[in-house]
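Numbering (the numbering used here), first residue to last: 840 to 1132.
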């Protein structure tokens, strides 16, 4: 059995490559040959009406990037991929994630899709600001649809801040969201593999409204109760994910609220604080899936 782990062309640091290196380590322990490949080594080439890619004789691909063009080419070549292109596309766009999960009895923050503007010199319409303000109140969250590790997420405490941020990001896909004050600077990251919740980590940041480890948050092991498991299983069932990290907020009634779904969630800190071998569980899941063919 042979596979590849695909990472972004510009992923070079230890933290960026941690997932790939850990997975390679665990696959080697299971006697599976696997290589780490950067996306620039397999660019999409279409010539004479056909496409080609610089890979040979692989049984599967673990895709740790968001370049859907390369991934869709791999799928077109009937290569088994983890995760699939559709799931990554939905998770990469925060608003698409909420749209996909709507009407499935999944608790999420109240969300309003941002209206995309194509004109740099035009101000965001007063009617849009009025609508967001009346529906969500203050403080409220503004998110760029694309972004990870806490980037592109803003807190507006009043109309002035709302107008300022809205005008700064109006040219980018974005959304507005109710602020769950009970979870300020805190969330629960649940790792789900093959539809099973394997563990959870509580992330906390006393210096920021965002809990991300990358911007100063800390992690501790978190027990998984029935409500966490049920809502995460619903999410994975809807989005058809092999692997993901689901971020849960906790509301005033102590109920879990799905904040974001990360199809390529980092697990370095998760493994450290929970003592759960995520890479091994994921590798074993993939081998088991391939054995069903």
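Each residue gets a CB set at the ideal place from its N, CA and C atoms; glycine is no exception.
Strand pairing of residue i, partner residues [DSSP]
i            : result
residue 1026 : 1042
residue 1095 : 1089
residue 1036 : 1031
residue 1014 : 952 and 982
residue 891  : 884
residue 1084 : 1030 and 1101
residue 921  : 901
residue 971  : According to DSSP, which records beta bridges pairwise, residue 971 is partnered with nothing at all.
residue 990  : Paired residues: none, contrary to the question.
residue 841  : 872
residue 1005 : Answer is none; residue 1005 lacks a bridge partner.
Proximity below 9 Å, CB of residue i to CB of residue j
i            : j            : result
residue 1031 : residue 1072 : yes
residue 1023 : residue 982  : no
residue 986  : residue 980  : no
residue 1076 : residue 1034 : yes
residue 897  : residue 953  : no
residue 1048 : residue 994  : yes
residue 1117 : residue 1100 : no
residue 1088 : residue 1067 : no
residue 984  : residue 1014 : yes
residue 916  : residue 845  : no
residue 1097 : residue 1090 : no
residue 941  : residue 901  : no
residue 949  : residue 931  : no
Separation of residue j from residue i, as counted between CA atoms
i            : j            : result
residue 1103 : residue 1082 : 7 Å
residue 1109 : residue 1057 : 10 Å
residue 874  : residue 918  : 15 Å
residue 864  : residue 903  : 16 Å
residue 926  : residue 908  : 14 Å
residue 871  : residue 840  : 6 Å
residue 962  : residue 1019 : 28 Å
residue 1130 : residue 914  : 19 Å
residue 850  : residue 998  : 39 Å
residue 1062 : residue 1040 : 8 Å
residue 1114 : residue 971  : 42 Å
residue 1123 : residue 876  : 21 Å
residue 937  : residue 1080 : 15 Å
residue 880  : residue 893  : 7 Å
residue 933  : residue 1021 : 21 Å
residue 1085 : residue 1028 : 6 Å
residue 1094 : residue 1078 : 21 Å
residue 947  : residue 1092 : 14 Å
residue 912  : residue 1121 : 23 Å
residue 867  : residue 957  : 49 Å
residue 1119 : residue 882  : 29 Å
residue 899  : residue 924  : 14 Å
residue 935  : residue 990  : 18 Å
residue 1128 : residue 895  : 21 Å
residue 1000 : residue 959  : 19 Å
residue 889  : residue 943  : 40 Å
residue 1055 : residue 1105 : 15 Å
residue 1059 : residue 852  : 24 Å
Rounded Cβ spacing between residue i and residue j (contact assumed at less than 8 Å)
i            : j            : result
residue 869  : residue 1126 : 6 Å
residue 878  : residue 847  : 6 Å
residue 1107 : residue 891  : Contact flag wrong, Cβ pair sits at about 35 Å.
residue 1070 : residue 945  : 6 Å
residue 988  : residue 1053 : 4 Å
residue 955  : residue 1012 : 6 Å
residue 1043 : residue 1025 : 5 Å
residue 939  : residue 929  : 5 Å
Point to revise | Contact the region 1000–1016 vs the region 964–971: 3+ CB pairs below 8 Å | key: With the cut-off at 8 Å, the region 1000–1016 and the region 964–971 touch.
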